[in-house]
DNA sequence: TCGGTCGGTTCGATGACTGAACCTGGGTCC
DNA sequence: GGACCCAGGTTCAGTCATCGAACCGACCGA
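Residue numbers (UniProt numbering), protein chains in the order written: chain F, 1 to 177; chain G, 1 to 177.
Here it is as structure tokens:
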């Protein structure tokens with residue numbers, strides 16, 4: 001967690017994972033990357049994280065091989081941050097956290113629903129399509145808004161994420177201007 | 001994460017889960033609880049966390065309903081912290097994090113192996129027994145030391161956790177004295 | 001030339017974490 | 001009774017991360 005002292009003497013793969021994704025905001029950044037957010041200004045608008053923290057986290061995730069920073073336009077130079085294979089492998093972690101939050105944090109309507117894009121069925125708490133009986137890859141997940149979601153969020157990214165959309169498809173730049 | 005500002009405007013069950021288990025040390029506490037650690041002094045010895053932080057995290061987890069604090073001896077009064085149902089439901093989160101750490105954090109031997117106690121088979125990365133083809137409950141998991149584990153840890157709790165053992169069985173108090 | 005956008009960096013203030021010391025209630029030993 | 005130890009904290013000063021706001025430089029369009 002990038003404090004002066006790390007989890008050094010922890011002989012444990014969980015601790016090693018938390019060294020990379022355990023800091024404040026980091027997993028929410030990765031979640032937004034799955035939702036299709038790729039640009040610095042969009043992360044900033046959607047998360048409300050201080051700019052300095054956002055820049056540090058993005059750099060740390062790039063260094064750890066979770067995100068890839070790539071140039072998508074030359075003039076003016078603009079980069080976007082895209083999940084690598086290692087980042088995509090975090091999907092089970094996010095799914096497990098989300099399932100736990102939905103099931104165990106009391107008092108709320110579901111925020112979002114996740115469906116198997118191939119057949120339209122809502123995924124079960126283990127991330128499996130009950131009809132096709134397979135664990136669904138995030139690229140095959142369609143996200144739909146739930147009853148608990150604020151229908152008119154203040155930030156443009158939140159508004160763009162109100163529409164049903166497939167995970168990992170980039171946000172439309174026009175929608176977040 | 002118990003900072004001045006929380007993830008309040010995040011309309012997301014992942015953010016709500018991270019509000020509870022996203023702080024530094026918290027998930028390692030829960031991991032140790034699955035390993036069988038229950039007493040304040042054992043958490044302290046095994047994690048090396050500052051005492052004030054440990055007390056605050058344990059209290060927060062009790063308040064969140066993840067741990068249950070219960071008296072196990074009256075004289076002198078001693079309490080232990082045991083996972084509740086809500087805490088046990090965090091198993092998929094820890095498993096997913098550990099699987100990611102094993103697979104994606106480079107350069108290390110496996111620290112521990114997890115086997116289905118009923119049949120002895122090692123679990124696959126999804127936490128499923130390949131022979132019985134069922135997701136294995138943590139109470140049915142046997143943990144065995146791996147090649148990457150320090151064979152002579154400094155703290156007595158680490159030594160007690162070297163032996164093969166079933167998850168959730170309490171540590172022998174005599175072994176950690 | 002003027003203003004605006006994007007992607008940062010810098011800065012002071014605030015708050016969390018750290019390590020060490022201290023405290024309390026209850027043993028045990030002699 | 002007195003000395004000492006232990007488990008489970010609390011308190012405290014110092015350090016470090018985070019926060020919010022301001023600033024900056026490259027580029028664009030009018």
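Note that the Cβ used here is the ideal one computed from N, Cα and C, for glycine as well.
Since residue 101 of chain F and residue 14 of chain G should fall inside the 8 Å C-beta cutoff, what is the C-beta to C-beta distance between them, to a whole number of angstroms? Sure, about 6 Å apart at Cβ, within 8 Å.
Among the residues of its own chain, which have a CB less than 6 Å from the CB of residue 91 of chain G, if the five just before and after it don't count? So the list reads 138, once near-sequence residues are dropped.
Can you pull out the residues from the stretch 93-116 of chain F whose beta carbon lies closer than 9 Å to at least one beta carbon of chain G? Taking 9 Å as the Cβ-Cβ cut-off against chain G, the residues of the stretch 93-116 of chain F that qualify are 93, 94, 95, 96, 97, 98, 99, 100, 101, 102, 103, 104, 105, 106, 108, 110, 111 and 112.
Opening and closing residue of the beta strand (DSSP E) in which residue 23 of chain F lies: Run containing residue 23 of chain F: none; DSSP gives neither H nor E here.
Span separating the alpha-carbon of residue 125 of chain G from that of residue 142 of chain G: Cα to Cα, the separation comes out at about 15 Å.
Short CB-CB distance (under 7 Å) between residue 14 of chain G and chain F: Cβ-Cβ to chain F under 7 Å: yes for residue 14 of chain G.
So, does the CB of residue 86 of chain G fall closer than 7 Å to a CB anywhere in chain F? Closer than 7 Å to the CB of residue 86 of chain G there is at least one CB belonging to chain F.
Rounded to whole angstroms, what is the Cα-Cα separation between residue 39 of chain F and residue 113 of chain F? Rounded to whole angstroms, residue 39 of chain F to residue 113 of chain F spans 24 Å at the Cα level.
Which bits of chain G does residue 89 of chain F rub up against, with CB to CB less than 8 Å? Ordered by position in chain G, the residues that pass the 8 Å Cβ test against residue 89 of chain F are 100, 103 and 104.
Is residue 146 of chain G closer than 7 Å to residue 108 of chain G when the C-beta atoms are compared? No. Outside cutoff.
Exposed or buried, what is residue 132 of chain G when buried is set at 16 or more other beta-carbons lying within 10 Å of its beta-carbon? Residue 132 of chain G is exposed by the Cβ-count criterion.
8 Å Cβ cut-off: residues of chain G touching residue 135 of chain F: Neighbours of residue 135 of chain F on chain G, chain order: 126.
Beta-carbon proximity of residue 88 of chain F to residue 33 of chain F, cut-off 7 Å: By the CB criterion at 7 Å, residue 88 of chain F and residue 33 of chain F fall outside the cutoff.
So is residue 10 of chain F buried or exposed if we call it buried at 16+ other beta carbons inside 10 Å? Buried, because 16 or more other Cβ atoms sit within 10 Å of the Cβ of residue 10 of chain F.
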